[in-house]
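Beneath this line is the structure, given in structure tokens, with notes to follow.
2 protein chains.
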Amino acid sequence: MKKNAQINSTPVCQVRMQAITDAMSLLSGKWKFHILGTLIEGSTLGFMDLLREVKGIGSKMLSKELQDLEMNNLISRTVMNTKPITVAYSITEYGKTLSPLIDEMAKWGINYRKSVYEKRDK
Amino acid sequence: MKKNAQINSTPVCQVRMQAITDAMSLLSGKWKFHILGTLIEGSTLGFMDLLREVKGIGSKMLSKELQDLEMNNLISRTVMNTKPITVAYSITEYGKTLSPLIDEMAKWGINYRKSVYEKRDK
DNA sequence: GAAAGTAGTTTCCTTTTGGAAACTGCTATC
DNA sequence: GATAGCAGTTTCCAAAAGGAAACTACTTTC
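Those sequence lines, one after another, are chains E and S.
When we follow my numbering, the leftmost residue of the first sequence carries the number 19, and every step to the right adds one.
When we follow my numbering, the leftmost residue of the second sequence carries the number 19, and every step to the right adds one.
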């Protein structure tokens with residue numbers, strides 16, 4: 019008797035799996051959570067501000083990640099009419115819906131670190 | 019005047035950023051959420067069960083990801099005393115603490131997909 | 001004794017990701 | 001007119017991630 023998938027073949031699980039794939043494809047990579055987290059905290063920031071805030075990122079990656087996030091309507095990019103020109107990046111209303119997910123991730127990470135220290139100190 | 023980081027230099031934000039980095043390093047890659055999600059749903063599964071359940075994964079990746087997850091105490095691996103031998107993979111108590119995060123991710127993904135369809139239909 | 005099921009490992013390959021450094025082009029300030 | 005700041009882009013490269021296919025080794029069933 020040949021076996022088939024039992025759990026993930028149910029419609030509910032398939033929708034769930036697809037949803038996780040979707041979310042991951044928008045948020046994949048080393049920097050997206052950091053950029054989003056920074057913009058959620060910091061209202062409006064310029065390119066150089068972000069380069070300073072997001073520790074370790076280079077200008078190429080920042081530029082690319084900002085384009086990705088803008089394309090998915092998670093952040094907005096506005097060229098300001100100033101001299102010299104500045105660009106204002108900020109989180110969109112839709113981007114803010116990621117707050118619970120980012121918070122949950124941060125919460126888990128904090129507890130993870132605690133649990134590692136506790137284990138070490140035993 | 020040289021500018022420095024303002025937001026992410028605060029201790030609270032540094033801890034948060036570190037936490038997100040920690041969480042991501044344990045959960046990175048294409049398959050970990052799917053495997054964990056499947057094991058949370060499905061109690062105990064063998065290697066071949068998982069190969070069938072996690073659609074698209076190959077045996078090499080499955081093997082590697084299971085080792086990673088086991089090392090971090092998120093899943094357990096038990097060799098059963100059966101003939102032919104079988105291996106029981108299951109989620110640990112600690113692994114279950116990821117449920118809220120996975121749920122949040124799935125929830126966001128489902129709403130994302132809805133919002134894409136709505137936009138398309140306008 | 002051939003086939004099929006268990007649980008993986010190994011090899012070889014392609015794609016993706018990420019980073020450093022240099023460069024562009026503009027403007028304001030010293 | 002040199003320097004510094006803004007907002008990126010380009011090039012070149014290394015490392016990591018991921019996948020297909022073949023292979024190991026053992027056992028049970030037909």
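Even for Gly, the Cβ is constructed at its ideal location relative to N, Cα and C.
Bear in mind the structure is a predicted one, so any value in this text is a computation, not a measurement.
Taking 8 Å as the CB-CB cut-off, is residue i touching chain E?
| i | result |
| --- | --- |
| S:E71 | yes |
| S:F51 | yes |
| S:G60 | yes |
| S:V82 | The sequence shown places Lys at residue 82 of chain S, not Val. False, the Cβ-Cβ gap to chain E never drops below 8 Å. |
| S:P118 | yes |
| S:G127 | yes |
| S:T115 | yes |
| S:I75 | no |
| S:Y135 | no |
| S:R138 | no |
| S:K21 | yes |
| S:I38 | yes |
| S:M35 | yes |
For residue i, name the three-state secondary structure that DSSP assigns.
| i | result |
| --- | --- |
| E:L69 | helix |
| E:I128 | helix |
| S:M191 | Summary: the structure shown does not reach residue 191 of chain S, with chain S confined to residues 19 through 140, and so no result is reported for it. |
| E:I58 | helix |
| S:I38 | helix |
| E:I75 | coil |
| E:S43 | helix |
| E:L116 | coil |
| E:K140 | coil |
| E:K101 | coil |
| E:K50 | helix |
Please check if any C-beta of chain S sits within less than 8 Å of the C-beta of residue i.
| i | result |
| --- | --- |
| E:Y107 | no |
| E:N99 | no |
| E:G64 | no |
| E:M123 | yes |
| E:M42 | yes |
| E:I103 | no |
| E:I25 | yes |
| E:T110 | no |
| E:R95 | no |
Considering only DSSP beta bridges, list what residue i is partnered with.
| i | result |
| --- | --- |
| S:L63 | S:Y107 |
| S:I25 | In the DSSP output, where bridge partners are listed per residue, S:I25 has none listed. |
| S:T96 | S:A106 |
Any 3 or more C-beta pairs closer than 8 Å across the stretch 28-39 of chain E and the stretch 117-133 of chain E: no
The stretch 67-80 of chain S contacting the stretch 45-53 of chain S, beta-carbon criterion three pairs below 8 Å: yes
contact_flag[the stretch 22-33 of chain S, the stretch 60-78 of chain E] where n(CB pairs < 8 Å) is 3 or more: yes
Stretch pair the stretch 105-120 of chain E + the stretch 89-96 of chain E: three plus CB contacts closer than 8 Å: yes
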